[in-house]
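*Asks:* Heads up: the sequence lines are chains A and B, in that order.
For the first sequence, numbering that gives the first Met the number 0 begins at 0 and goes up steadily by one.
For the second sequence, numbering that gives the first Met the number 0 begins at 0 and goes up steadily by one.
We put the beta carbon where it would ideally sit given N, CA and C, even for glycine.
Questions regarding the structure given below will be posed in turn.
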Amino acid sequence: MSLLQAFFQKAVAVLPSRTPSQAQLIDKESHIGGQLFGKPSKGVSRRFFLDDGDSWFYSESAVDSSGQPLYNFTIRYQILPQGVLKSVDGKGHVFIKGIELDRLQQSIKLYEKRVMSELYSSQQPTQPQSRPAAV
Amino acid sequence: MPGPLDHHPEVHTWQYPEAQQSEFFPGRTIEDFSARALSIAGTPPVVERVERHDSAEFQDIYPSMVTIKNARRAATDGEEAA
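This is the structure we're talking about:
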């Protein structure tokens, strides 16, 4: 079980309620986000999501045919006023640019479109008025 | 306000196994792989060095984030709104 899976299972189990918790919504979003990059190879699972702050996470894990873990990594894209700061498993912080930045933006646009239609379809589209307060 | 993953610091400190990196992504840096991973389905998975510096457009990301957070807030009846 990946760290993200363990986290989401704990988060979902803590506070059952009639309305979904933010952790539950993010969990659902992360599954939708993981579908944005095409069908993964057998044994590979992906998650992509916006946390409750200003960071996007891409996580990928793989197991072999016997279920043994092969690899697992998480990329964090922190949206800052001066740029998008990337780190891989908490290391190697660097501001991204060019193709990677373009594709991240494409991914975020697709993510917004997918979660708004598949998860929040009962809501009226919201028109953003400002940047997130935490930024 | 802490993010959900902040409760799990191991996510941020997990060490990427270099042996596996070379095994599964031979000859590629993690930056190369990240660019490949972020390629959209239907888009050729171009892996190349990035030389552009005109990254001011990243500000376009903010409206999407606001939209998503507003939707979450509405779906949780504002109970967990920041």
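1. Does S20(A) get closer than 8 Å to chain B when you measure Cβ to Cβ?
2. E111(A) touches chain B at which residues, Cβ-Cβ below 7 Å?
3. Which first and last residues belong to the alpha helix (DSSP H) in which I98(A) is found?
4. Output the distance between the C-alpha atoms of A40(B) and E28(A), rounded to the nearest integer angstrom.
5. Is the stretch 30-47 of chain A touching the stretch 55-64 of chain A in the sense that three or more CB pairs, one from each, lie closer than 8 Å?
6. State the Cα-Cα distance for the pair Q81(A) and S64(A), rounded to the nearest angstrom.
7. Where do the N-terminal and C-terminal ends of the beta strand (DSSP E) with L35(A) fall, by residue?
8. Cα separation between V135(A) and W55(A)?
9. Please report the Cβ distance between F57(B) and V83(A), rounded to the nearest whole angstrom; I am assuming they are in contact, meaning their Cβ atoms lie under 8 Å.
10. Alpha carbon to alpha carbon, how far is V114(A) from M64(B)? Give it in angstroms, no decimals.
11. Nearest to K41(A) by alpha carbon, out of A22(A), P68(A), P19(A) and I31(A)?
12. Thinking just about the alpha-carbon of each residue, which of L109(A), K90(A) and L24(A) is nearest to the one in I60(B)?
13. Could you give the residue range of the alpha helix (DSSP H) that holds P62(B)?
*Replies:* Reading off the structure:
1. Here the question's residue 20(A) lines up with position 21 in the first sequence. Yes, its Cβ sits closer than 8 Å to a Cβ of chain B.
2. Along the first sequence, read from residue 1 onward, the residue named residue 111(A) stands at position 112. Residues of chain B passing the Cβ test: S63, T66 and I67.
3. For the purposes of this step, residue 98(A) is taken as residue 99 along the first sequence, with counting starting at 1. I98(A) -> alpha helix (DSSP H) spans G97 to E117.
4. What you label residue 40(B) is simply residue 41 of the second sequence in a count that begins at 1. What you label residue 28(A) is simply residue 29 of the first sequence in a count that begins at 1. Residue placement at A40(B) is flagged as unreliable, the pLDDT there being 39, under the threshold of 50; the coordinate-derived value follows with that caveat. Near 18 Å, if we compare the C-alpha coordinates of E28(A) and A40(B).
5. yes
6. Residue numbering aside, residue 81(A) sits at position 82 when the first sequence is read from its first letter. Residue numbering aside, residue 64(A) sits at position 65 when the first sequence is read from its first letter. Looking at the two C-alpha atoms, the distance is approximately 43 Å.
7. Locating residue 35(A) in the first sequence gives position 36, where the first residue counts as 1. Element bounds for L35(A): n/a, residue is neither H nor E.
8. Examination of residue 135(A) is not possible in this model, given that chain A is present from 0 through 134 alone.
9. Locating residue 57(B) in the second sequence gives position 58, counting from the first residue. Locating residue 83(A) in the first sequence gives position 84, counting from the first residue. Going by Cβ atoms, the distance from F57(B) to V83(A) rounds to 5 Å, so yes, they are a contact pair.
10. For the purposes of this step, residue 64(B) is taken as residue 65 along the second sequence, with counting starting at 1. For the purposes of this step, residue 114(A) is taken as residue 115 along the first sequence, with counting starting at 1. Taking the straight line from one Cα to the other gives about 12 Å.
11. If you number the first sequence from 1, residue 41(A) lands on position 42. The option with the nearest alpha carbon to K41(A) is P68(A).
12. Locating residue 60(B) in the second sequence gives position 61, counting from the first residue. Minimum Cα distance to I60(B) is reached at L109(A).
13. Numbered from 1 along the second sequence, position 63 holds the residue referred to as residue 62(B). Element bounds for P62(B): I60 to A74.
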